[in-house]
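In our numbering, the protein residues as written are 428 to 766.
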C-alpha cells in the first residue's frame, strides 16, 4: 500500500513539474481587434496555430481602435501591442507619433502586395466600396450615371461617412478616379449630394444597403463589397470602386519580447493558407498574391484584389484624408445639419 501511494505521489509530482514547465514556457501576446466574426476567424486560423506551434497564447480585447491604442502610447503603459483599424486611423496615429514603425526586414513576411507593407501598418485585409443596384433597375456604368436620378430614377442608399461617399459624389459631378485619388474637390462633391438629398437614405451599418435594396426601399446603393456581392436580387460592380485596406497598427513603446511575439503573429497572417482559412468567416481577402492560386475561379471573381477587379479601382489616398480632415468634418457637419 505504501509503495502504491509512493508511486501515485511520484506520478503527481512529475505531472505538476511538467505542467509548471509548460506554463512557464507559454508566453502571452495581448492584442485588440474589432471582434465578431473577425475575432472568431483570428482565433481559429491564427491564434490557435500560434499557440500550438510557438507556445504563444493570444489574449484579445475587443473592440480596439484609435482611442485605445492612442491612450496606451501616450501613457507609456502598453496593455495591448496592436489594434486593427482603418487607413485614416493609421495616418492620424502615425502623424501624432503614436505608432511604432514596422521593421519589415525583421518581420520578414511571406510575399505581400506592396501597398500592404506600409511603414506604419501591416495590411491585414482588403475591401472595396462599390456601387450596387437592384437587378430589376437600369444598370449604371459609372458614378455620373449613379447620381443621375433623372436617367436612373430611384432612391439611393449612401454611407453616412464622408470618407466613403464624398469621392464618389465628386465623381458624380465628373471627376475621374485618377482625379479623386489625388484629392477630392469638396465643392463638386457637396454639389452632387445637395442635388440628390431628397432621394437619399443614409446608412451607418454595413448590412443596411443590401437589405434596403432587397426590400426595394432603395434602387441604388454605395456599399462595402463584402456586404452586397452574391446577394439575391442585387447586382454590383467593382468599376470605379475605392480599394481600401484594414491595417494592424503597433503601439509605440512595446518591449522587445512583445515585438518578437507580435511579428511571429503577423508573419503567420501573411501565409496564403491562413488567409484562405479566414475567408471561411469573412469575404475580405488578405494581401498575399499567392491566395488567388488556391481558391476557385468563382471565389476569385469576388476578390477586390483579383487582377480584373483591382485594375478598375483606385486606392484610397490616406494622406489626403488626414491633411484635409478638419475641413471635411466641418463641411460634412454643416451639410448634415442643414438637411
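Even for Gly, the Cβ is constructed at its ideal location relative to N, Cα and C.
Practice task
Report the three-state DSSP secondary structure of residue 702 (helix, strand or coil).
Solution key: Here residue 702 sits in helix by DSSP.
Problem - residue 501 versus 520, 515, 516, residue with shortest Cα-Cα distance - result: 520
Problem - Helix, strand or coil at residue 623 according to DSSP, with G and I counted as helix - result: helix
Handout entry: Coil, strand or helix - residue 568 by DSSP
Key = Coil.
Exercise for the section: May I ask which residues mark the beginning and end of the alpha helix (DSSP H) holding residue 511? Expected result: Per DSSP, residue 511 belongs to no alpha helix (DSSP H); it is in the beta strand (DSSP E), 509–512.
Practice task
Could you name each continuous alpha helix (DSSP H) segment of 4 residues or more that falls completely within the stretch 476–548, going from the start of the chain to the end?
Solution key: Every alpha helix (DSSP H) of 4 residues or more that sits fully in the stretch 476–548 is shown, in chain order, as 493–502, 514–522, 531–534.
Problem - Collapsed DSSP secondary structure at residue 589 in the structure displayed - result: helix
Exercise for the section: State the Cα-Cα distance for the pair residue 522 and residue 712, rounded to the nearest angstrom. Expected result: 28 Å
Exercise for the section: List the whole-angstrom C-beta distance separating residue 537 from residue 697, where the pair is believed to meet the contact cut-off of C-beta under 8 Å. Expected result: 4 Å
Exercise for the section: Please list the segments of the alpha helix (DSSP H) lying wholly inside the stretch 619–688, counting only runs of 4 or more residues, in order along the chain. Expected result: Within the stretch 619–688, the complete alpha helix (DSSP H) runs of at least 4 residues are 635–641, 652–655.
Problem - Segment limits, alpha helix (DSSP H) that includes residue 764 - result: Segment 752–764, the alpha helix (DSSP H) holding residue 764.
Problem - Beta-carbon spacing of residue 585, residue 627 below 8 Å - result: yes
Handout entry: Where residue 556 falls: helix, strand or coil (DSSP)
Key = strand
Problem - Nearest-angstrom Cα separation, counted from residue 558 out to residue 836 - result: Nothing about residue 836 can be read from this structure; the chain reaches only from 428 to 766.
Handout entry: DSSP state of residue 464 mapped onto helix, strand, coil
Key = helix
Problem - Cβ neighbour criterion (16 or more within 10 Å) applied to residue 764 - result: exposed
Problem - Cβ neighbour criterion (16 or more within 10 Å) applied to residue 448 - result: Because residue 448 carries a pLDDT of 40, less than 50, the predicted location of this residue cannot be relied on, and the following value inherits that uncertainty. Exposed.
Problem - Whole-angstrom C-beta distance between residue 647 and residue 708, which should lie under 8 Å - result: That belief does not hold up - the Cβ atoms of residue 708 and residue 647 are roughly 29 Å apart, past 8 Å.
Problem - Range covered by the alpha helix (DSSP H) that runs through residue 725 - result: 724–729
Handout entry: 8 Å CB neighbourhood of residue 745 in its chain, flanking five on each side removed
Key = 514, 515, 517, 518
Practice task
Buried or exposed for residue 473, please, with buried defined as at least 16 other CB atoms from any protein chain shown within 10 angstroms of its CB.
Solution key: buried
Problem - Span of the beta strand (DSSP E) around residue 605 - result: Segment 604–609 is the alpha helix (DSSP H) holding residue 605; no beta strand (DSSP E) there.
Handout entry: Same chain only: Cβ atoms within 7 Å of residue 688, ignoring 5 sequence neighbours per side
Key = In its chain, beyond the 5 residues on either side, 454, 456, 483 have a beta carbon closer than 7 Å to the beta carbon of residue 688.
Handout entry: C-alpha distance - residue 528 paired with residue 732, whole-angstrom precision
Key = 25 Å
Practice task
For residue 434, I'd like the list of residues in its chain whose CB is within less than 7 Å of its CB, leaving aside the five on either flank, ordered along the chain.
Solution key: The predicted position of residue 434 is uncertain, since its pLDDT is 47 and thus under 50; a value taken from the coordinates is nonetheless stated next. Nothing listed; no residue qualifies.
Exercise for the section: Classify residue 740 as buried or exposed, calling it buried when 16 or more other Cβ atoms lie within 10 Å of its own Cβ. Expected result: buried
Practice task
Can you give me the start and stop residues for the alpha helix (DSSP H) that residue 735 sits inside?
Solution key: 734–737
Problem - Same chain, Cβ closer than 8 Å to residue 750, five either side skipped, listed in chain order - result: In the same chain as residue 750, and ignoring 5 residues on each side of it, no C-beta atom comes closer than 8 Å to its own.
Problem - Touch test, the stretch 621–637 against the stretch 493–513, Cβ-Cβ under 8 Å, three pairs minimum - result: With the cut-off at 8 Å, the stretch 621–637 and the stretch 493–513 do not touch.
Exercise for the section: Leaving aside the five residues before and after residue 462 along the sequence, list all residues of the same chain whose C-beta is less than 6 Å from its C-beta, in chain order. Expected result: Here the set comprises 489, 490.
Problem - Other residues of its chain near residue 458: CB distance less than 7 Å, five sequence neighbours each side excluded - result: In chain order, 485, 487, 507, 508, 509 place their CB closer than 7 Å to the CB of residue 458, counting only its own chain and leaving out the 5 sequence neighbours on each side.
Exercise for the section: On the DSSP bridge assignment, give the partners of residue 584 in chain order. Expected result: 628, 648
Practice task
Indicate the three-state DSSP secondary structure (helix, strand or coil) for residue 469 in the structure shown.
Solution key: helix
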